[in-house]
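The structure appears right after this line, and notes come after that.
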């Protein structure tokens, strides 16, 4: 295979040509205004903001194709933009270029209720979709926390709290319309539930972070809204006991819909922020979906596991208002954690390990946090072996940031050593490129060959996923 | 993107060089014997047998790499072989070359019971794996009927009767060790349950039918053996009612494990072959997995749906021996169907459509069968919208084969027109290459670019999936 080179230099002249052309074609849907450009580079990331040279709001796959063709002709980078909630610098423009904002491609195009699927514009957000679906008895289960766009969620292979039962975006995208680097508009698959017809283009594009093509619409699997939902919480004397309870739950085949771990620091943060009164111990938030009898049986079984593992205070309820209060607190965990250290900037990272290694990985991570003296709560989608650390750093203290870099590297390499991955759901972006070779070895060469073949000019979100090779 | 060319000519001299080298290296694990070569080209397919020039039995990824490197050096095709149960000419050697038989790489390498996963050699068969797992309380759910190798099942993205609940190979392979066309040994992913780290190499290789690399070992997701299993059958006045019952079942969120449709002709065949006494009407075989209460509740709910749709005689049982008799009959359907026309050769094909179009697609297919006067039962994994037709053809009557070609094309194009795919689980092989352009349009160019980038010499199972472009 050819050894590809993924570095670029910024070509301002070419960019200016493209901007002039876009301005004349898209008038007020194109902007070079600084505020908007900054907002399209800047995301909820700890990385430096590298702003694009212009932002264009596309309204159709045909327009995206038109813009990409123009950029390809001039060899100018394109960076797709949904809602801007990515965490690893996915939207930065290190070589300049055009941010293609698809947020106005937000139409719900089809709902195939009989097939439990739908087709939506890439700019539709998950909350918008679920509001729309409410009367159909169906819902879209993937919930990464932020109200992200479906296109962005597909591009980063998002997952979140429901993934333990409903899978990730790789499991819930049936097909996509994608504009390729040469402007070709490609349908990745049919809307059949399964297929053995050739290479899996859908799952090649899911998780490719805009480096292979721009997602314009997405055909999604939907799920039936469960007849009953039960939720509850319980706490454990130590982390290992909590993890053991999770392992047993999965092994017993309880089809748990959510099982979330909060460490004592995060529980304290939630107590303060959401005015709760939880014991500040390792805590599991759980949710069961099914029939009335089913969720009752699942809750009962789970309560036995909790007791066997030394857990306490397990209470569950099917009452919507009580569950909502609970999960609102869980969803607010990110903001609650920020309140632990006012003025600090949050650096959110995630890894994923085989569940058998989870307790060990979290404990080693906790030891690192203690060593550096970080204020950094841990929360996890533990049914998948996936957990997050939110480092709260003082922007005025560069040494904290230096230590954070050391901490991040230790965490990523530890997860990989344990048979896991440097990111379970945030994606690679710019932040995790440096671990890719360690995680994949020769496999990274295969990824590079694919990128080189599909995007030989390297105009599609350059400087992401694949480390520079110059 | 470069327009790749996938045609080859057979280079007997180069092949002879490779054969001599393999003979000296692998002695009695290499053969040019005609019987074995024929068996490695010939599968349960209706296509002409194109035998490889030699067969080598590999024992490790390192050996596979060594063989592939030799073949790459001499520009000689390699065709991976598991158990030979593929249906669309996947194992044929149209340009000659070496069949790499991995059936002796049949060790169960690791069972990670806590993680509900395992790692097995590509030659392990699904029954071997499930026998091995019996005492762990875990099982591997994918069941395509044949006792195929796990490597072959991954290569063709196999599924089968359990897929409606447990997914297909794309959902149950966590990672693989793959030998690439340049001999590089690549790990496609970690064994974490999920990851957002870069391109999904696992799902690129799943379904690639040996055209991108040779699968040497596979890390699989396992499932807990359900506490209780209930099974049953029911019949319907017409096909549409049966399909409606399936749609309602899926829509109600009943987590049905199997839901199989047999048309009246197939029921007759099963009655004759398995000594049953079923009504010769459209019939559903169903199975429920869960707790004792759970399967009882599911069965009850399903029985209401059956009644609402005009179905009759629904009886269900959790007794293993009764269920086994039922499912043995279903599994023997293929052989039972052959007995409908002694001396005939079976041509098995499959398509998959959105479930809302299933009844329409099956009925139009039935009309075609009637038009041509074929004896051809229909069975389907209808929960996925996937069904099979087994044409029983007289090998002495070429006109039957000509009509079969017309029938197959109509069927494939109809499925694609209805938003489906030309194959739900058999794969493309040689038999369905001609429909790929119709199904994917510009997407086929993306597949070709990937193939060209990863296998620039086109030595990996050439003449499959991607139509010749010369």
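Chains as they are written, first to last, in my numbering: chain A, 217 to 686; chain B, 217 to 686.
Ideal Cβ positions, reconstructed from N, Cα and C, are used throughout, including at glycine.
It should be emphasised that the depicted structure is a prediction, and the values quoted were computed from it without experimental measurement.
For residue 640 of chain A, I'd like the list of residues in its chain whose CB is within less than 6 Å of its CB, leaving aside the five on either flank, ordered along the chain. Taking the first chain and counting its residues from 1, the one referred to as residue 640 of chain A is at position 424. Here the set comprises 566, 568 and 602.
Kindly list, in the order they appear in chain A, the residues whose Cβ is closer than 8 Å to that of residue 513 of chain B. Against the second chain, residue 513 of chain B aligns to sequence position 297. Neighbours of residue 513 of chain B in chain A, taken as residues whose beta carbon is under 8 Å from its own, are 507, 509 and 510 in chain order.
Local conformation of residue 326 of chain B per DSSP, three classes: Walking along the second chain from the start, residue 326 of chain B turns up at place 110. Of the three classes helix, strand and coil, the one that applies to residue 326 of chain B here is strand, per DSSP.
Considering only the alpha carbon of each residue, which of A:443, A:278 and A:550 lies closest to residue 488 of chain A? As a first step, residue 488 of chain A is located in the first chain; it is residue number 272 there, counting from the start. Ranking the options by Cα distance to residue 488 of chain A, first place goes to A:550.
Are residue 506 of chain A and residue 442 of chain A closer than 8 Å when you measure CB to CB? Here residue 506 of chain A refers to the residue found at position 290 when the first chain is read from its first residue. Here residue 442 of chain A refers to the residue found at position 226 when the first chain is read from its first residue. Closer than 8 Å, so yes.
Is there a C-beta anywhere in chain B that falls below 8 Å from the one on residue 357 of chain A? In the first chain, the residue the question calls residue 357 of chain A occupies position 141. No, residue 357 of chain A does not count as interfacial toward chain B.
From which residue to which residue does the beta strand (DSSP E) around residue 335 of chain A run? What you label residue 335 of chain A is simply residue 119 of the first chain in a count that begins at 1. Counting along the chain, residue 335 of chain A sits inside the beta strand (DSSP E) bounded by residues 333-337.
Beta-carbon gap between residue 288 of chain B and residue 280 of chain B smaller than 8 Å: Within the second chain, residue 288 of chain B is the residue found at index 72, counting from 1. Within the second chain, residue 280 of chain B is the residue found at index 64, counting from 1. No. Outside cutoff.
Would you mind stating whether residue 659 of chain B and residue 417 of chain A have Cβ atoms separated by less than 8 Å? What you label residue 659 of chain B is simply residue 443 of the second chain in a count that begins at 1. What you label residue 417 of chain A is simply residue 201 of the first chain in a count that begins at 1. Against a cut-off of 8 Å, the Cβ pair of residue 417 of chain A and residue 659 of chain B comes out as a contact.
Residue 218 of chain B to residue 667 of chain B span [Cα, whole Å]: On the second chain, position 2 is the one that residue 218 of chain B refers to. On the second chain, position 451 is the one that residue 667 of chain B refers to. Low confidence applies here, because residue 218 of chain B scores a pLDDT of 47, under 50, leaving its location unreliable and the question unanswered by this model.
Between the region 377-396 of chain B and chain A, which residues of the former have CB atoms less than 8 Å from a CB of the latter, in chain order? For the region 377-396 of chain B, the residues whose beta carbon sits under 8 Å from a beta carbon of chain A are, in order, 379, 383, 384, 386, 387 and 396.
Members of the region 358-373 of chain A near chain E, C-beta cut-off 8 Å: Judged by its chain identifiers, the structure shown contains no chain E, and its protein chains are A and B.
When DSSP labels each residue in this structure, what does residue 342 of chain A get in the three-state scheme? Residue mapping note: residue 342 of chain A aligns to position 126 of the first chain, counting from 1. Helix, per DSSP.
Considering only their Cβ atoms, is the gap separating residue 238 of chain B from residue 314 of chain B smaller than 8 Å? If you number the second chain from 1, residue 314 of chain B lands on position 98. If you number the second chain from 1, residue 238 of chain B lands on position 22. Yes, the Cβ-Cβ distance between residue 314 of chain B and residue 238 of chain B is below 8 Å.
List, from N- to C-terminal side, the alpha helix (DSSP H) runs of 4 residues or more that fit wholly inside the region 413-475 of chain B. Complete alpha helix (DSSP H) runs here, min 4: 417-421 and 455-467.
Could you check whether residue 343 of chain B and residue 363 of chain B sit closer than 8 Å to each other, using their CB atoms as the reference points? Sequence index remark: in the second chain, residue 363 of chain B carries index 147 (1-based). Sequence index remark: in the second chain, residue 343 of chain B carries index 127 (1-based). Yes, the pair counts as a contact, with Cβ atoms nearer than the cut-off.
Where the beta strand (DSSP E) containing residue 398 of chain B begins and where it ends: Taking the first residue of the second chain as 1, we reach residue 398 of chain B at position 182. Boundaries cannot be given for residue 398 of chain B, as no beta strand (DSSP E) includes it and DSSP labels it neither H nor E.
What does residue 641 of chain B reach in chain A if we use C-beta pairs closer than 9 Å? Along the second chain, one-based indexing puts residue 641 of chain B at 425. Chain A residues near residue 641 of chain B: 410, 411 and 412.
Along chain B, in chain order, which residues have C-beta atoms closer than 9 Å to that of residue 423 of chain A? In the first chain, residue 423 of chain A corresponds to position 207, counting from 1. Against residue 423 of chain A, the close residues of chain B are 411, 412, 413, 414, 415 and 416, in the order they occur along the chain (beta-carbon pairs closer than 9 Å).
When the Cα atoms are used, what is the spatial distance from residue 317 of chain A to residue 675 of chain A? For the purposes of this step, residue 317 of chain A is taken as residue 101 along the first chain, with counting starting at 1. For the purposes of this step, residue 675 of chain A is taken as residue 459 along the first chain, with counting starting at 1. Going from the Cα of residue 317 of chain A to the Cα of residue 675 of chain A covers about 16 Å.
Are the C-beta atoms of residue 217 of chain A and some chain B residue less than 8 Å apart? For this step, residue 217 of chain A is matched to residue 1 along the first chain. Model confidence at residue 217 of chain A stands at a pLDDT of 45, short of 50, so the residue's coordinates are unreliable and nothing is read from them.
Backbone secondary structure at residue 607 of chain A - three-state DSSP: Mapped onto the first chain, residue 607 of chain A falls at position 391. Residue 607 of chain A falls in the strand class under three-state DSSP.
Along chain A, in chain order, which residues have C-beta atoms closer than 8 Å to that of residue 463 of chain B? The residue labelled residue 463 of chain B in the question sits at position 247 within the second chain. The answer, in chain order, is 330.
Go through its chain and collect everything with a Cβ distance to residue 677 of chain A's Cβ below 8 Å, but skip five positions before and after it. As a first step, residue 677 of chain A must be located in the first chain, where it is residue number 461. In chain order, 293, 294, 295, 296, 306, 425, 426 and 427 place their CB closer than 8 Å to the CB of residue 677 of chain A, counting only its own chain and leaving out the 5 sequence neighbours on each side.
CA-to-CA distance, residue 272 of chain B to residue 236 of chain B, given in whole angstroms: As a position in the second chain, residue 236 of chain B is number 20, starting the count at 1. As a position in the second chain, residue 272 of chain B is number 56, starting the count at 1. Rounded to the nearest angstrom, the two C-alpha atoms are 12 Å apart.
Just the Cα atoms here: how many angstroms apart are residue 575 of chain B and residue 589 of chain B? Taking the second chain and counting its residues from 1, one reaches residue 575 of chain B at position 359. Taking the second chain and counting its residues from 1, one reaches residue 589 of chain B at position 373. Distance between the alpha carbons of residue 575 of chain B and residue 589 of chain B is about 21 Å.
In whole angstroms, what is the alpha-carbon distance linking residue 268 of chain B and residue 250 of chain B? As a working note, residue 268 of chain B is residue 52 in the second chain. As a working note, residue 250 of chain B is residue 34 in the second chain. Taking the straight line joining both Cα atoms gives about 10 Å.
Taking the alpha carbon of residue 484 of chain A as the reference point, which residue from A:545, A:526, A:245 and A:420 has its own alpha carbon closest? What you label residue 484 of chain A is simply residue 268 of the first chain in a count that begins at 1. When only C-alpha atoms are compared, the closest one is A:545.
Is the Cβ of residue 528 of chain A closer than 8 Å to any Cβ of chain B? Mapped onto the first chain, residue 528 of chain A falls at position 312. No, its Cβ sits nowhere closer than 8 Å to a Cβ of chain B.
How about residue 330 of chain B and residue 571 of chain A: are their beta carbons less than 8 Å apart? As a first step, residue 330 of chain B is located in the second chain; it is residue number 114 there, counting from the start. As a first step, residue 571 of chain A is located in the first chain; it is residue number 355 there, counting from the start. The beta carbons of residue 330 of chain B and residue 571 of chain A sit closer together than 8 Å.
Which residues in chain B have a C-beta closer than 7 Å to the C-beta of residue 636 of chain A? List them in chain order. Here residue 636 of chain A is taken as the residue at index 420 of the first chain, counted from 1. At a C-beta separation below 7 Å, residue 636 of chain A has these neighbours in chain B: 406 and 408.
Between the region 582-606 of chain A and chain B, which residues of the former have a C-beta closer than 8 Å to a C-beta of the latter? The residues in question are 600, 601 and 602.
Inter-residue Cα distance where the pair is residue 373 of chain A and residue 224 of chain B: Against the first chain, residue 373 of chain A aligns to sequence position 157. Against the second chain, residue 224 of chain B aligns to sequence position 8. Whole-angstrom Cα-Cα distance: 38 Å.
First through last residue of the alpha helix (DSSP H) which encompasses residue 517 of chain B: For this step, residue 517 of chain B is matched to residue 301 along the second chain. Element bounds for residue 517 of chain B: 508-524.
Does the separation of the CB atoms of residue 561 of chain B and residue 262 of chain B fall below 8 Å? Along the second chain, one-based indexing puts residue 561 of chain B at 345. Along the second chain, one-based indexing puts residue 262 of chain B at 46. Yes.
At a Cβ cut of 9 Å, what residues of the region 640-667 of chain A count as close to chain B, listed as they run along the chain? Per Cβ criterion, the list reads 640, 641, 642, 643, 644, 648, 651, 652, 655, 656, 657, 658, 659, 660, 661, 662, 663, 665, 666 and 667.
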